[in-house]
Amino acid sequence: MNNHSRHHGPAPRRPNIGITPDWSPAGEQPFARYELKVPYADAVLRAGGLPFVLPYSDEPACVESYLDRISGVLVTGGAFDIPPSAYGEDAREGLGALKEGRTAFEAALMRGALKRNMPLLGICGGMQLLNVILGGTLYQDIGREVEGAREHEQKHDRTHPQHPVDVKSGTLLAEAVGYGQLMVNSTHHQSVRGVGKDVTITAVAPDGVVEAIESSVHTFAVGVQWHPEYMSTTIPVHVGLYKAFVQKAREHRR
Numbered sequence: 030m031n032n033h034s035r036h037h038g039p040a041p042r043r044p045n046i047g048i049t050p051d052w053s054p055a056g057e058q059p060f061a062r063y064e065l066k067v068p069y070a071d072a073v074l075r076a077g078g079l080p081f082v083l084p085y086s087d088e089p090a091c092v093e094s095y096l097d098r099i100s101g102v103l104v105t106g107g108a109f110d111i112p113p114s115a116y117g118e119d120a121r122e123g124l125g126a127l128k129e130g131r132t133a134f135e136a137a138l139m140r141g142a143l144k145r146n147m148p149l150l151g152i153c154g155g156m157q158l159l160n161v162i163l164g165g166t167l168y169q170d171i172g173r174e175v176e177g178a179r180e181h182e183q184k185h186d187r188t189h190p191q192h193p194v195d196v197k198s199g200t201l202l203a204e205a206v207g208y209g210q211l212m213v214n215s216t217h218h219q220s221v222r223g224v225g226k227d228v229t230i231t232a233v234a235p236d237g238v239v240e241a242i243e244s245s246v247h248t249f250a251v252g253v254q255w256h257p258e259y260m261s262t263t264i265p266v267h268v269g270l271y272k273a274f275v276q277k278a279r280e281h282r283r
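The sequence shown begins at 30 in the numbering used here and counts up by one.
Take a look at the structure:
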């Protein structure tokens, strides 16, 4: 039996998923460049979505135009920190490099998506930004500020896990990947400190570091501290998060 005969009617429509790229300055190359790690786009494709990379703009009308054309927003991670001024604090020792243009764009996109109740998935730094946008704060450096914290910047292959997290039952995250222990990778030095308004903590590491959050007042506004897209073949259950996100995006535009 071929694949087509198993399904009645055409394959499900692929919803448009907007992905925020990283940015690197001009160096040896004459121009700055946008960069996107392939696993993000692959995970969206594999989950049934149609990925689109969104170049930055500081024009509100441009951000709104992006949101008019997509059904879900994926805010990716990167090797940079959110400016502490975004959550009302001064920089402390341990704060890393900033990419203020990137953060400003992602914040505007995220706020617009939340206003429309559009499905939103924040990965690593994207989760931290979601918490800040919803009124929360961050530890600027886990090693300096979280007593008894374990290593959260793994040195080995990121397709393999670093530590377990405990996924809380009755959450969107649990619906996507199951509840209880889940092995995750770890590539961050900041984490959620105070949670934002109507934010639920949905997974925690053994050392107490917050590993996942979601909004209790939006259809799907989920953040995870790890990179599920890096583990799609090593721990396939992680693909479930992208599948849940893409399905919500499909439902957002009926």
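All C-beta atoms in this analysis are idealised placements derived from N, C-alpha and C, irrespective of residue type, glycine included.
{"Item": "Comparing alpha-carbon positions, which option in Pro235, Gly155, Ile230 and Leu159 lies nearest Gly177?", "Value": "Pro235"}
{"Item": "If we count the other Cβ atoms within 10 Å of its Cβ and call it buried at 16 or more, is His181 buried or exposed?", "Value": "buried"}
{"Item": "Under three-state DSSP, which class holds Thr229?", "Value": "strand"}
{"Item": "Give me, in chain order, the residues of the same chain whose beta-carbon lies closer than 7 Å to that of Ile230; leave out the 5 immediate sequence neighbours on both sides.", "Value": "Val224, Val239 and Ile242"}
{"Item": "Express the C-alpha separation of Pro80 and Arg131 in angstroms, rounding to a whole number.", "Value": "19 Å"}
{"Item": "Report the option in Asn214, Val175, Thr188 and Thr200 whose CA atom is closest to the CA atom of Val194.", "Value": "Asn214"}
{"Item": "How many Å lie between Asp269 and Thr105 at the Cα?", "Value": "Note on identity: in this sequence residue 269 is Gly, with Asp being the wrong assignment. Whole-angstrom Cα-Cα distance: 17 Å."}
{"Item": "Could you check how far apart the C-beta atoms of Glu258 and Pro68 are, in whole angstroms? I think they sit under 8 Å.", "Value": "4 Å"}
{"Item": "Cutting at 6 Å between CB atoms, please list the residues of its own chain near Tyr208, excluding the five before and the five after it.", "Value": "Val196 and Ser198"}
{"Item": "Contact criterion: CB-CB distance below 9 Å. Does Leu158 meet it with respect to chain D?", "Value": "Among the protein chains of the structure shown there is no chain D, as only one such chain exists."}
{"Item": "Can you tell me whether Lys128 is buried or exposed? The criterion is at least 16 other CB atoms within 10 Å of its CB, across all chains shown.", "Value": "buried"}
{"Item": "What is the DSSP secondary structure of Val73, counted as helix, strand or coil?", "Value": "helix"}
{"Item": "Out of Ala250, Glu57 and Gln58, point me to the one whose CA is closest to Asn160's CA.", "Value": "Ala250"}
{"Item": "How many whole angstroms separate the CB atoms of Asp119 and Pro113, which I take to be in contact at a CB cut-off of 8 Å?", "Value": "6 Å"}
{"Item": "Could you pull out every residue in the same chain whose Cβ sits closer than 6 Å to the Cβ of Leu211, ignoring the five residues on either side in sequence?", "Value": "Val194 and Val196"}
{"Item": "In whole angstroms, what separates the C-alpha of Phe109 from that of Arg42?", "Value": "35 Å"}
{"Item": "Quick check on DSSP: helix, strand or coil for Ala40?", "Value": "coil"}
{"Item": "Helix, strand or coil for His192 per DSSP?", "Value": "strand"}
{"Item": "Taking Gly141 as part of the alpha helix (DSSP H), name the residues at either end of that continuous run.", "Value": "Glu129 to Lys144"}
{"Item": "Is the beta carbon of Leu201 closer than 9 Å to that of Gly232?", "Value": "Note on identity: in this sequence residue 232 is Ala, with Gly being the wrong assignment. Going by C-beta atoms, Ala232 is not nearer than 9 Å to Leu201."}
{"Item": "Taking a contact to mean a Cβ-Cβ separation below 9 Å, would you say Phe274 touches Ile99 in this structure?", "Value": "no"}
{"Item": "Short of 6 Å in beta carbon distance, which residues of its chain neighbour Ala126, apart from the five on each side in sequence? Order them along the chain.", "Value": "Phe109"}
{"Item": "Work out the CA separation of Thr248 and Cys278 for me, nearest whole Å.", "Value": "Here residue 278 turns out to be Ala, not Cys, going by the sequence shown. Rounded to the nearest angstrom, the two C-alpha atoms are 10 Å apart."}
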